[in-house]
Amino acid sequence: KSLIQITNTQFSFIISPPNKLLKMKISIIAVTGLIGSASAFAPTTFTGGNVAHRASASCDSALSMNYKVAVVGGGPSGACAAEIFAQEQNIDTVLFERKMDNAKPCGGAIPLCMIGEFDMPETVVDRKVRKMNLISPKNVEVNIGETLQPDEYIGMCRREIMDKFLRDRAIEYGAECVNGLVTSIEVPSDHKTSNSKYNIKYMEFESGKSSGTAKNMEVDLIIGADGANSRVAKAMDAGAYN
Numbered sequence: 002k003s004l005i006q007i008t009n010t011q012f013s014f015i016i017s018p019p020n021k022l023l024k025m026k027i028s029i030i031a032v033t034g035l036i037g038s039a040s041a042f043a044p045t046t047f048t049g050g051n052v053a054h055r056a057s058a059s060c061d062s063a064l065s066m067n068y069k070v071a072v073v074g075g076g077p078s079g080a081c082a083a084e085i086f087a088q089e090q091n092i093d094t095v096l097f098e099r100k101m102d103n104a105k106p107c108g109g110a111i112p113l114c115m116i117g118e119f120d121m122p123e124t125v126v127d128r129k130v131r132k133m134n135l136i137s138p139k140n141v142e143v144n145i146g147e148t149l150q151p152d153e154y155i156g157m158c159r160r161e162i163m164d165k166f167l168r169d170r171a172i173e174y175g176a177e178c179v180n181g182l183v184t185s186i187e188v189p190s191d192h193k194t195s196n197s198k199y200n201i202k203y204m205e206f207e208s209g210k211s212s213g214t215a216k217n218m219e220v221d222l223i224i225g226a227d228g229a230n231s232r233v234a235k236a237m238d239a240g241a242y243n
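Residues 2 to 243 (this note's numbering) make up the sequence shown, in order.
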């Protein structure tokens, strides 16, 4: 089985030898915040290379199996994870996002290097800021534009535009996007020793309707990219957010 690990600076596939069982059949991983280093992901569209696998030659049979992966959260982290999984021919990828046009008032500032590393067009940048003063509650003022070169800027993005661009790219690679809110995750009691699937319960929303439709989906692996108050983190008993 694959243990798929996502952190802010790392993405890797780790395949266990066939004669050694993992303690857990599969891991539910909680991802919080924007991915800090796109180069560590190394997906095709980001760097022109292939998705890297760290695997034993004796585990080729594991890679030939079909898996269904659910990515909970359609922000930058979730969209990028879904894009990578969607490029694997043996993985069916489903991306859950509760609000497709989420105009998030914070989190819109990105570094200039992100445009190239995430292979995004400059059209996703709404404003190019070169001078900005930050004033703290204690009246301490910081000018964060002093170190910028003449051709550099701080990109201010509208999250509903940038997030949609990243989601659409994942969809182009074959990911299925569900406009829904994950309400709970059922973890089978024997998940450490069997091939039992995880059961995701969610509300799917349709345009023009005020309420959602209750549905469920069984998957082999769950990626949590649903923020600090993550339902995925709660399901895996990750503990209090620190």
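Where is the CB? At the ideal position from N, CA and C, for every residue including glycine.
Own chain, CB closer than 6 Å to residue i, minus 5 neighbours either side, in chain order
i: G74; result: A226, D227
i: F97; result: V73, V179, G181, V183
i: I172; result: C178
i: Q150; result: none
i: A87; result: T94, A171, Y174, G175, A176
i: G156; result: I111, V126
i: K105; result: R160
i: D164; result: G76
Beta-ladder partner(s) of residue i, from DSSP
i: I111; result: G156
i: K202; result: S185, N217
i: F97; result: V73, V179
i: R128; result: M157
i: Y174; result: Per DSSP, none; premise fails for Y174.
i: L222; result: V70
i: I162; result: In the DSSP output, where bridge partners are listed per residue, I162 has none listed.
Boundaries of the beta strand (DSSP E) in which residue i is found, first to last residue
i: V143; result: 142-144
i: F119; result: Where F119 is concerned, there is no enclosing beta strand (DSSP E), given that its DSSP letter is neither H nor E.
i: K230; result: Per the sequence shown, residue 230 should be read as Asn rather than Lys. Careful: N230 lies outside any beta strand (DSSP E) and carries neither H nor E.
i: N134; result: 134-136
Nearest to residue i (by Cα), restricted to the options the options
i: Y203; options: C158, E219, Q88; result: E219
i: I186; options: R131, N200, A176; result: N200
i: M246; options: P77, A83, A80, E89; result: Look at the range of the chain in this structure, 2 to 243, and you will see that residue 246 is not part of it.
i: V126; options: S190, E147, F166, N134; result: F166
i: A82; options: I155, G175, V130; result: G175
i: S211; options: E84, S197, R99; result: R99
i: S208; options: S137, M101, G156; result: M101
i: G146; options: P138, K139, M133, M157; result: M133
i: D152; options: R131, H192, R168; result: R131
i: P122; options: C107, I162, G213, E84; result: I162
Residues near residue i by beta carbon distance below 8 Å, same chain, minus five either side
i: Y68; result: S3, N91, I92, D93, D221, L222
i: E217; result: Correcting the residue type first, residue 217 is Asn in the shown sequence and not Glu. Excluding sequence neighbours, N217 sits near N200, I201, K202, Y203.
i: C158; result: G109, A110, I111, V125, V126, D127
i: A142; result: Residue 142 is actually Glu in this sequence, not Ala. So the list reads N134, L135, I136, once near-sequence residues are dropped.
Cβ-based neighbour list, residue i, same chain, cut-off 7 Å, excluding 5 preceding and 5 following
i: Y154; result: L113, K129, V130, R131
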